[in-house]
Amino acid sequence: MVDLSTRIGALELKNPLIAASGTYGYGPEFSRFADVSAYGAISVKGLSLNPKVGNPMPRIVETPAGMLNAIGLENVGIEVFAAEKMGFLRNLGETKVIANFFGNTVEEYGLCAKKLSEIEGVHALEMNISCPNVKAGGIAFGTDPVLAGEVVGEARKNTALPLIVKLSPNVTDIKVMARAVETAGADAISLINTLTGMAVDLDRRKPALGNVTGGLSGPAIKPVALKMVWETLNAVKLPVIGLGGIMNGRDALEFLCLGAKAVQIGTANFVSPVTASAVLAEMENYLGAQGCESLSEFIGTFKV
Ligand SMILES: Cc1cc2nc3c(=O)[nH]c(=O)nc-3n(C[C@H](O)[C@H](O)[C@H](O)COP(=O)(O)O)c2cc1C
1224 MVDLSTRIGA LELKNPLIAA SGTYGYGPEF SRFADVSAYG AISVKGLSLN
1274 PKVGNPMPRI VETPAGMLNA IGLENVGIEV FAAEKMGFLR NLGETKVIAN
1324 FFGNTVEEYG LCAKKLSEIE GVHALEMNIS CPNVKAGGIA FGTDPVLAGE
1374 VVGEARKNTA LPLIVKLSPN VTDIKVMARA VETAGADAIS LINTLTGMAV
1424 DLDRRKPALG NVTGGLSGPA IKPVALKMVW ETLNAVKLPV IGLGGIMNGR
1474 DALEFLCLGA KAVQIGTANF VSPVTASAVL AEMENYLGAQ GCESLSEFIG
1524 TFKV
């Protein structure tokens, strides 16, 4: 038996696997098919102050080695989440609950952080800053270091919970964004969110997605994710959570050996709802064969 426990600042996890936001619902959606408590933590579907209906269909399209989605951040809103979704999540034993959230203004991010921190059973917050700032002409918070710093600072003022900031890969230099959110008070960084992309339905000569453009995820983005995680690890002192294209135990271990304290699994949940259990078994076998008694002695052992 290999000790797979890990720690992201103050957040202790029984294992390093986190269900990536938007790919695991609020948990119950997967409970008919899989042991949801296999995960060390679940990052729930991105929440906003009020419920959101999302984009027109089709919202998902398969692409070579990945998928594009344009869900449009559909969610039940924080109030319904607290009243109807937390009951299930509070009963997952040691599996921690991470509330992923977003807003359209700096103030909305602050209010979300405050309201989510008041919900019993939420262990950490994850800010999705890949959203447009409606008061700044729609420029995404996560692509401008000044806006990113401002919005993270506002959330920081409104929560005492561990604050994970999820970075967008749609930037020229990820190091600049990582440093900006570290300075603004983030406790940890997760990356990467989806890369913007588009698919064409040639025979109809129309966009394949109702929203025209969407976010690319899955194995196609893993090399981009590894590079950005590596650059971030070298740019900041904060704990880093790696994600993007993890499909199996070896993929997860690649991010962990770079120095990530934990990893998230997204698109792979759509391929197989029991991915987490399979990844854990593979990781344990690999680490055991390498003579490791714990994951912590493996994390950060990558050498250039
Ligand atoms: C259908 C779908 C919905 C998503 N919704 C969210 C979301 O609400 N909030 C968020 O921060 N990321 C969201 N993401 C991004 C994922 O959490 C993750 O960052 C991305 O898919 C890369 O990981 P993967 O390659 O393992 O899927 C979503 C991804 C997909 C595929």
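The opening residue of the sequence shown carries number 1224 in this note's numbering; numbering runs sequentially from there. Backbone N, C-alpha and C fix where the C-beta goes; we use that ideal spot for every residue, glycine too.
Item, Value
"D1226 in three-state terms, based on DSSP", "strand"
"C-beta atoms of N1298 and L1270 nearer than 7 angstroms", "yes"
"Outcome for G1316 when other beta-carbon atoms lying within 10 angstroms are tallied against a minimum of 16", "exposed"
"6 angstroms Cβ shell around A1305 - same chain, five flanking residues per side excluded", "I1342"
"K1268 beta carbon near ligand 1 (any heavy atom closer than 6 angstroms)", "yes"
"CA nearest to the CA of P1392, picked from V1404, K1358, S1260 and I1444", "I1444"
"Straight-line Cα distance separating G1245 from K1268", "4 angstroms"
"Pick from V1357, D1410, V1369 and A1401 that is closest to T1382, judged by C-alpha positions", "D1410"
"G1468 beta carbon less than 7 angstroms from that of G1441", "yes"
"Residue range of the unbroken alpha helix (DSSP H) whose run includes G1310", "M1309 to L1312"
"Exposure of E1477, with buried meaning 16 or more beta-carbon neighbours within 10 Å", "buried"
"Three or more C-beta pairs below 8 angstroms linking the stretch 1237-1244 and the stretch 1494-1512", "yes"
"Among L1466, M1400, I1397 and L1456, the one whose alpha carbon lies nearest that of N1416", "L1466"
"Supposed contact pair V1345 and G1372 - C-beta distance, whole angstroms, cut 8 angstroms", "Not really, about 24 angstroms apart at Cβ, beyond 8 angstroms."
"Backbone secondary structure at T1455 - three-state DSSP", "helix"
"Proximity test, L1236 beta-carbon vs ligand 1 heavy atom, cut-off 6 angstroms", "no"
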